[in-house]
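One structure is given below, encoded as structure tokens.
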Amino acid sequence: MSTTENRPEWLDNAVFYEIYPQSFNDTNADGIGDLNGITEKLDYIRELGCNAIWINPCFKSPFGDAGYDVEDYYTIAPRYGTNEDMIRLFSEAHKRDMHVILDLVPGHTAVTHEWFRQSMKAQRNEFTDRYVWTDSIWEEPQGMGCIRGISDRDGSCAVNFFSHQPALNYGFYKPDRDWQQPMDAPGPMATREALKDIMRFWLCAGCDGFRVDMAGSLVKHDEDGKGTIALWQDIRAFLDREFPSAAMVSEWGEPDKSLLGGFHMDFLLHFGPSHYNDLFRCPEPYFSKRGKGSAKEFISAYKENYAKTNGKGLICIPSGNHDMDRLARSLDTDEMRVAFAFLLSMPGAPFIYYGDEIGMRYVEGLTSVEGGYGRTGSRSPMQWDKGLNAGFSSARADMLYIPQDSSPDRPDAASQCADDNSLRSEVKRLIAVRMANPALRSNGSIEFISDGYPLVYSRSAEGQTIAVIINPSAESALVPDIRGKFLYIVGSAEAKENGTRIGGCSAAFVEL
Numbered sequence: 196m197s198t199t200e201n202r203p204e205w206l207d208n209a210v211f212y213e214i215y216p217q218s219f220n221d222t223n224a225d226g227i228g229d230l231n232g233i234t235e236k237l238d239y240i241r242e243l244g245c246n247a248i249w250i251n252p253c254f255k256s257p258f259g260d261a262g263y264d265v266e267d268y269y270t271i272a273p274r275y276g277t278n279e280d281m282i283r284l285f286s287e288a289h290k291r292d293m294h295v296i297l298d299l300v301p302g303h304t305a306v307t308h309e310w311f312r313q314s315m316k317a318q319r320n321e322f323t324d325r326y327v328w329t330d331s332i333w334e335e336p337q338g339m340g341c342i343r344g345i346s347d348r349d350g351s352c353a354v355n356f357f358s359h360q361p362a363l364n365y366g367f368y369k370p371d372r373d374w375q376q377p378m379d380a381p382g383p384m385a386t387r388e389a390l391k392d393i394m395r396f397w398l399c400a401g402c403d404g405f406r407v408d409m410a411g412s413l414v415k416h417d418e419d420g421k422g423t424i425a426l427w428q429d430i431r432a433f434l435d436r437e438f439p440s441a442a443m444v445s446e447w448g449e450p451d452k453s454l455l456g457g458f459h460m461d462f463l464l465h466f467g468p469s470h471y472n473d474l475f476r477c478p479e480p481y482f483s484k485r486g487k488g489s490a491k492e493f494i495s496a497y498k499e500n501y502a503k504t505n506g507k508g509l510i511c512i513p514s515g516n517h518d519m520d521r522l523a524r525s526l527d528t529d530e531m532r533v534a535f536a537f538l539l540s541m542p543g544a545p546f547i548y549y550g551d552e553i554g555m556r557y558v559e560g561l562t563s564v565e566g567g568y569g570r571t572g573s574r575s576p577m578q579w580d581k582g583l584n585a586g587f588s589s590a591r592a593d594m595l596y597i598p599q600d601s602s603p604d605r606p607d608a609a610s611q612c613a614d615d616n617s618l619r620s621e622v623k624r625l626i627a628v629r630m631a632n633p634a635l636r637s638n639g640s641i642e643f644i645s646d647g648y649p650l651v652y653s654r655s656a657e658g659q660t661i662a663v664i665i666n667p668s669a670e671s672a673l674v675p676d677i678r679g680k681f682l683y684i685v686g687s688a689e690a691k692e693n694g695t696r697i698g699g700c701s702a703a704f705v706e707l
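Sequential numbering from 196 applies to the sequence shown in the numbering used here.
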């Protein structure tokens with residue numbers, strides 16, 4: 196069995212910047228961000244300290260779900276540019292010693308995908324079994340939702356998310372209906388090979404790997420994930436043979452399964468049992484100055500997951516993403532400074548959602564755009580400067596993909612780059628400290644010392660040990676028995692005879 200021991204070295208020191216392409220930088224005045232806009236801002240991202248980029252879906256799509264409904268995996272959506280623009284983006288990133296991973300959506304397509312158009316036909320063809328269909332229009336695939344009554348084919352097609360996203364067929368681990376095909380049936384195997392072809396195409400073009408959407412959902416009736424793990428192990432073997440340096444990051448939320456499947460890293464999801472939201476997005480977040488939150492259940496879940504990774508700790512904790520509220524909706528700037536001290540000192544690759552480094556706000560009360568619904572307020576255009584449309588676009592304001600934060604005091608990148616005391620400057624320094632100290636990087640081990648206020652843990656690698664003290668509370672605290680050289684302080688901290696006193700709403704990295 197192939198393993199992830201051969202993971203690309205660049206992942207060991209990667210700090211990712213997540214880009215929602217339609218909202219990042221518009222260079223052709225149509226109100227929608229584009230690939231040339233990303234290329235134009237590579238120096239900004241690199242100057243922040245991020246050396247890797249995750250780009251949300253950018254393939255041709257009807258955009259019923261912001262590009263997660265793919266119509267053609269081989270073609271860049273015209274509104275973003277061309278395949279040549281993407282290849283140039285890869286090349287320019289590599290010149291800056293940066294890496295780019297694309298968002299891969301293997302579980303479903305758009306209803307407009309040619310595969311689905313062909314699968315709807317009553318006559319059998321090579322795509323008849325590309326999707327999960329029942330044998331009768333009157334039978335629904337239990338627990339999956341379905342599309343039915345839209346073609347001459349007799350049957351209902353399972354969906355993976357929205358009703359316009361038909362589920363691709365990778366087989367059933369335990370089939371119990373005639374229409375449920377086993378994993379090794381010709382249809383599921385053809386789907387698997389088609390996925391490899393897509394990955395091969397973009398890796399040959401210069402892509403450095405993939406973040407895989409809903410990675411644990413492919414094989415159906417697979418409660419323990421054994422079938423899906425086996426499927427990804429097969430894909431891992433293909434990558435090891437042809438593209439051994441390709442990075443694979445999963446949206447799975449179960450690192451024991453995803454790492455066994457051959458992924459290098461797994462996201463700690465904001466839904467499910469991770470308690471990630473206890474930290475940043477709940478009525479009393481742990482990172483609030485009020486000091487009424489709790490990190491205990493998060494730490495307990497994290498330790499359990501960390502143990503399942505055999506000490507690899509390759510669990511990605513994002514600042515946020517396109518599916519959740521902005522940090523600034525629940526935390527003020529000082530609280531975000533401390534939150535970033537935590538995010539940038541934990542194992543696994545950190546992921547910074549575009550605009551979080553300047554504290555961009557959730558834009559309230561927006562009408563849903565492209566399937567965003569309550570998530571739309573976290574997808575507003577990047578605020579670059581104090582100029583027209585905050586520097587995002589030279590289009591009319593009513594043409595912008597999503598309305599911007601209209602507040603007179605909205606944060607912007609240019610102002611914060613020029614201000615040594617800004618949130619962005621703090622994030623930049625924290626990334627630099629992480630990069631300069633092996634113990635703080637992705638593969639350093641972690642041991643939790645305290646899970647209250649303050650939160651205390653030690654990171655160790657290459658003979659270096661650093662104690663990290665995180666105190667979101669407004670009240671200062673004495674941390675006994677932690678003394679050493681201060682590598683970095685957010686807020687205030689001082690050495691005492693019996694330990695370290697950490698100020699309110701502060702963090703400290705102490706080399707022991």
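A virtual CB, placed ideally from N, CA and C, is assigned to each residue, including glycine.
| task | Go ahead and pull the three-state DSSP assignment for V622. | result | The sequence position of residue 622 within the sequence shown is 427, counting from 1. It is helical.
| said: Please give the ranges of any beta strand (DSSP E) in the region 442 to 479, keeping only runs that are unbroken, at least 3 residues long and fully inside the region. | reply: 442 to 445, 460 to 462
| said: What does the alpha-carbon distance come out to for the pair T234 and A272? | reply: The residue labelled residue 234 in the question sits at position 39 within the sequence shown. The residue labelled residue 272 in the question sits at position 77 within the sequence shown. Each residue's alpha carbon lies about 16 Å from the other.
| message | Within a Cβ cutoff of 7 Å, which residues of the same chain sit near A490, ignoring the five residues on either side of it in sequence? | response | Locating residue 490 in the sequence shown gives position 295, counting from the first residue. Counting only Cβ-Cβ distances below 7 Å, and skipping sequence neighbours, we find D473, L474, Y481, D646, L650.
| query | Nearest to N693 by CA position, among V705, G699, P675, is which residue? | reply | Counted from its first residue, the sequence shown places residue 693 at position 498. The option with the nearest alpha carbon to N693 is P675.
| message | Run through the DSSP bridge pairs and tell me what W249 is partnered with. | response | For the purposes of this step, residue 249 is taken as residue 54 along the sequence shown, with counting starting at 1. DSSP lists E213, I296 as partners of W249.
| Who does D267 pair with in a DSSP beta bridge? | Translated into the one-based positions of the sequence shown, residue 267 becomes position 72. According to DSSP, D267 bridges with K255.
| task | Would you kindly work out how many angstroms separate the C-alpha atoms of R283 and A544, rounded to a whole number? | result | For the purposes of this step, residue 283 is identified with residue 88 of the sequence shown, where counting begins at 1. For the purposes of this step, residue 544 is identified with residue 349 of the sequence shown, where counting begins at 1. Roughly 25 Å between the two C-alpha positions.
| Roughly how many angstroms separate the alpha carbons of N500 and S588, rounded to a whole number? | Looking up residue 500 in the sequence shown gives position 305. Looking up residue 588 in the sequence shown gives position 393. Their Cα atoms are separated by approximately 42 Å.
| request: Give me the Cα-Cα distance between W205 and F438, rounded to the nearest whole angstrom. | output: For this step, residue 205 is matched to residue 10 along the sequence shown. For this step, residue 438 is matched to residue 243 along the sequence shown. Rounded to whole angstroms, W205 to F438 spans 14 Å at the Cα level.
| request: Decide if T198 is buried, meaning its Cβ has at least 16 other Cβ atoms within 10 Å, or exposed. | output: Locating residue 198 in the sequence shown gives position 3, where the first residue counts as 1. Any answer about T198 is weak, because its pLDDT of 43 lies below 50 and its placement is not dependable; what the coordinates show is given next. So T198 counts as exposed.
| request: Figure out for me which residue from D615, L243, R319, G232 has the closest Cα to the Cα of D280. | output: Residue 280 sits at position 85 when you count from the first residue of the sequence shown. Comparing Cα-Cα distances from D280 to each of D615, L243, R319, G232, the minimum goes to G232.
| How would you label R291, buried or exposed, when you count the other beta carbons within 10 angstroms and need 16 or more for buried? | Translated into the one-based positions of the sequence shown, residue 291 becomes position 96. It is exposed - the Cβ of R291 has fewer than 16 other Cβ atoms within 10 Å.
| task | Determine the closest residue to I512 out of H359, E552, I547, F433, with distance taken between C-alpha atoms. | result | Within the sequence shown, residue 512 is the residue found at index 317, counting from 1. Of the listed residues, the one whose Cα sits closest to I512 is I547.
| Length at least 4, wholly inside the region 291 to 366: the alpha helix (DSSP H) runs in chain order | 309 to 314
| field | Cβ neighbour criterion (16 or more within 10 Å) applied to P478 | value | As a first step, residue 478 is located in the sequence shown; it is residue number 283 there, counting from the start. Flag for P478 reads exposed.
| message | the ligand SAH and T660: does any heavy atom of the ligand fall closer than 7 Å to the residue's C-beta? | response | Looking for the ligand SAH in the displayed structure turns up nothing, as the structure carries no ligands at all.
| message | Suppose the cutoff is 7 Å on Cβ atoms and the five residues either side in sequence are ignored; what does the same chain contact list for F311 look like? | response | Taking the sequence shown and counting its residues from 1, one reaches residue 311 at position 116. The residues are T304, Y326, P361.
| task | With distances taken Cα to Cα, identify the nearest neighbour of T329 among R348, L463, E321, Q313. | result | Residue numbering aside, residue 329 sits at position 134 when the sequence shown is read from its first letter. Ranking R348, L463, E321, Q313 by Cα distance to T329 puts R348 first.
| Which partner residues of R696 appear in the DSSP bridge assignment? | Locating residue 696 in the sequence shown gives position 501, counting from the first residue. Paired residue(s): L673, E689.
| message | I'd like to know whether the C-beta atoms of L247 and H294 end up nearer to each other than 8 Å. | response | Here the question's residue 247 lines up with position 52 in the sequence shown. Here the question's residue 294 lines up with position 99 in the sequence shown. Sequence inspection shows Ala at residue 247; the Leu mentioned does not correspond to that position. Going by C-beta atoms, A247 is nearer than 8 Å to H294.
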